[in-house]
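Novice:
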């Protein structure tokens, strides 16, 4: 109920803004926490939206609104900044691994083929979970059982992710007229 009251007061103060659970000061604080956490300027709006979404999800699930919405939003923003850094590091490590694998495939330094570039671009577009199983299966040449054990998921999940990823890659290659 506190959240609804806060949203109502926010609506009255900012006529036409909708059911925004964050007031202007709280939004500035969230932006500042995200920026200080190293989130790039281009991603700040997404971060603020994530905080809003989590607050609205909390209200929709019937849980009580946080006692201090501003402090809660700052903590969520801080956690989002850490998540952003983790995702960035994962992407960088994956990129480094793929580059190393490409070097092994092309030790003479020859230009990468159009197909290899298209596959690499397609891999970049896959969700993390799908990209991970494709790399482990086809680049690291691990069997499905080993991938499932390493990731702590059922073999069926690995197979499903592989199927979905390969289908997406195939569609991407046909779309780009590479194959």
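Residue numbers (the UniProt record's numbering): 1 to 179. Glycine included, C-beta positions come from ideal geometry on N, C-alpha and C. A quick note: this is a predicted structure, and the numbers were derived from the prediction, not measured.
1) In chain order, what residues of the same chain lie with their CB nearer than 8 Å to the CB of residue 25, ignoring the 5 residues before and after it?
2) Roughly how many angstroms separate the alpha carbons of residue 47 and residue 144, rounded to a whole number?
3) Could you give the distance in angstroms between the alpha-carbon of residue 111 and the alpha-carbon of residue 119?
4) Looking at C-alpha atoms only, which residue of 169, 31, 44 and 45 is the closest neighbour of residue 74?
5) So residue 27 is in the alpha helix (DSSP H); what residue range does that whole segment cover?
6) DSSP on residue 152, reduced to helix/strand/coil?
7) May I ask you to report which of helix, strand or coil DSSP gives residue 162?
8) With the cut-off set at 9 Å, would you say residue 136 and residue 169 are in Cβ contact?
9) Looking at C-alpha atoms only, which residue of 78, 35, 98 and 57 is the closest neighbour of residue 122?
10) List the endpoints of the continuous alpha helix (DSSP H) containing residue 50.
11) Should residue 36 go down as buried or exposed, given a rule of 16 or more other Cβ atoms within 10 Å for buried?
Specialist: With the structure as the only source:
1) 70
2) If I take the Cα positions, the gap works out to 36 Å.
3) Only weak support exists for where residue 111 lies, its pLDDT of 43 falling under 50; the value from the coordinates is given anyway. Residue 111 and residue 119: Cα-Cα distance of roughly 15 Å.
4) 31
5) 24-36
6) coil
7) helix
8) no
9) 98
10) 44-60
11) exposed
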